[in-house]
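In the numbering used here, each residue's number is its place in the sequence shown (first place is 1) plus 22.
Input: a single structure, listed below in structure tokens.
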Amino acid sequence: MKKLVLFVATSLLLATGVQASSTDEKAVSVSTVPPTHATPLAKASFEKKGFLTTKWCAQEGMFSDCRLETIVCGEGECFKKWEFGDKEKLELVLFVHNEGKYYEISPQEGFHISHAIEEGLSRNEVTIKGSYDSNKNMILATGFEAPPPPQKSFFKGCL
């Protein structure tokens with residue numbers, strides 16, 4: 023009788039564990055859709071894809087070596103003197119690796135800086151939408167698309 027009770031109890035635990043893991047997988051697959059932040063009124067005539075970073079990192083040449091862009095940018099001098107909401111210090115740029123140059127970003131109506139910082143800062147393949155001012159080398163940003171978050175991976179074995 024004890025063996026039967028133990029068998030039924032473990033079977034129920036395994037069945038609920040399988041159901042919970044299948045619902046977790048569905049939730050993960052839904053959350054990997056890349057977010058889009060553009061207003062319906064904002065019709066982008068210009069799109070540029072690159073690495074969203076600060077002007078300091080781009081000016082200091084932190085992209086000459088890919089190790090520098092991940093180690094230095096986002097730490098050290100980049101945010102050292104920033105206060106939350108300080109518009110004068112907020113100098114976001116889009117660095118385009120293929121061209122080897124950066125474009126300053128001027129937020130316009132429809133471009134949410136908080137979303138751009140949270141979802142796109144220090145990430146590659148960020149698409150900035152808006153219009154381009156060639157005199158100032160500036161994107162008048164009305165929206166952006168961040169790449170999907172990196173997938174969780176499990177390292178198996180030694181190299």
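Note that beta-carbon positions come from the ideal geometry of N, C-alpha and C, so glycine has one too.
**Report entry** CA-to-CA distance, K123 to R145, given in whole angstroms
**Finding:** To locate residue 145, count along the sequence shown from 1; it is residue 123. To locate residue 123, count along the sequence shown from 1; it is residue 101. One alpha carbon belongs to R145, the other to K123, and they sit about 16 angstroms apart.
Query raised in the report: Quick one, which of Y125, A168, N120, A80 has its alpha-carbon nearest E147's?
Result: Against the sequence shown, residue 147 aligns to sequence position 125. For E147, the closest of Y125, A168, N120, A80 by C-alpha to C-alpha distance is A168.
Requested in this report: Would you mind sorting E141 into buried or exposed? The rule is 16 or more other CB atoms within 10 Å of its CB.
Outcome: Locating residue 141 in the sequence shown gives position 119, where the first residue counts as 1. Taking all protein chains shown into account, E141 has 16 or more neighbouring C-beta atoms within 10 Å of its C-beta and is therefore buried.
Query raised in the report: If you draw a straight line from the alpha carbon of F73 to that of L143, how long is it in whole angstroms?
Result: For the purposes of this step, residue 73 is identified with residue 51 of the sequence shown, where counting begins at 1. For the purposes of this step, residue 143 is identified with residue 121 of the sequence shown, where counting begins at 1. Answer to the nearest angstrom: the Cα atoms are 8 angstroms apart.
Query raised in the report: Since F68 contacts G152 with CB under 8 angstroms, what's their CB separation in whole angstroms?
Result: Looking up residue 68 in the sequence shown gives position 46. Looking up residue 152 in the sequence shown gives position 130. Under the criterion of beta carbons closer than 8 angstroms, F68 and G152 qualify as touching, at roughly 6 angstroms.
Requested in this report: To the nearest angstrom, report how far apart Q130 and Q173 are at their CA atoms.
Outcome: Counting from 1 along the sequence shown, the entry for residue 130 is found at position 108. Counting from 1 along the sequence shown, the entry for residue 173 is found at position 151. Straight-line Cα distance between these residues: approximately 32 angstroms.
Requested in this report: Over the uninterrupted beta strand (DSSP E) stretch that includes E167, give me the two end residues.
Outcome: Sequence index remark: in the sequence shown, residue 167 carries index 145 (1-based). 160–167 is the span of the beta strand (DSSP E), which, as asked, contains E167.
Report task. Check whether the Cβ atoms of E126 and N157 lie closer than 9 angstroms to each other. Result -> Taking the first residue of the sequence shown as position 1, residue 126 is located at position 104. Taking the first residue of the sequence shown as position 1, residue 157 is located at position 135. Taking 9 angstroms as the Cβ cut-off, E126 and N157 do not qualify as a contacting pair.
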